[in-house]
Every structure is written in structure tokens, then in C-alpha cells.
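Note sheet for the following structure.
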Amino acid sequence: MSLNRKWQQFWDTQHLNKLRLVKHTIGKYQGSLPNRTAEVLFTRLRIGHTFLTHGFLLRGEDPPECAHCSNQLSVLHFSSRTASSLV
152 MSLNRKWQQF WDTQHLNKLR LVKHTIGKYQ GSLPNRTAEV LFTRLRIGHT FLTHGFLLRG
212 EDPPECAHCS NQLSVLHFSS RTASSLV
């Protein structure tokens, strides 16, 4: 069995891996956005890794909390909170 096939089989078992939300198969990534900077930005948003939500790790601080409800701040929480406040 080839190394790529073994790697794909392993990747297929990683159901909680955030990167699988972005890419289901191994191999070269064919992005749909005009440049790598845009691809990186949207990939980070999709997997929930931003400086706003993860910068505390680099600074050695506690995770940020939502100013409205005191839940831990995440991309999903921020986007749903922002969307609900617009309605």
C-alpha cells in the first residue's frame, strides 16, 4: 500500500479534525480564491483560528470572553452574536 493511500486512510478516520472541514482529501489543494492571502484568511475563519480568538495563547493570557454573555469568544460565537444583533 502506498504512503499516500495510508495517509488518506488515516485522514479519513480523523472526524474531529478542523482541517477536514476545509479539505477532505490529501494532495495538492486547488483553492478557489484569487490569491493565497485570501485562502489563508478564509481557511482560518472556517476552522476558527484567528488572532482575536487565539492570540491569548501567544500572550500567555486567559481566553477572551464575550462582553455580552461572558462565554469564551470564538469565530462561531462572534459571527452568530453579530448576526443576531443585526436582526
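Residue numbering for the sequence shown follows the numbering used here, starting at 152 and increasing by one per position. For every residue, glycine included, the Cβ atom is placed at its ideal position computed from N, Cα and C. In this text, all values refer to a predicted model and were calculated from it rather than measured experimentally.
Rounded separation between residue i and residue j - CA only
i	j	result
R171	I198	9 Å
V173	F193	10 Å
R210	K157	38 Å
Q165	E212	30 Å
F229	M152	44 Å
T176	F161	11 Å
Residues near residue i in its chain [Cβ-Cβ closer than 7 Å; skip 5 each side]
i	result
E190	G182, L184
L227	G199
For residue i, three-class secondary structure by DSSP
i	result
E190	helix
Q165	coil
V238	Low confidence applies here, because V238 scores a pLDDT of 48, under 50, leaving its location unreliable and the question unanswered by this model.
Q159	helix
Own chain residues within Cβ distance below 8 Å of residue i, not counting five before or after
i	result
L224	L203, T204, P214, P215, E216, C217
L196	V226
Extent of the continuous alpha helix (DSSP H) run through residue i
i	result
T176	Per DSSP, T176 belongs to no alpha helix (DSSP H) and is neither H nor E.
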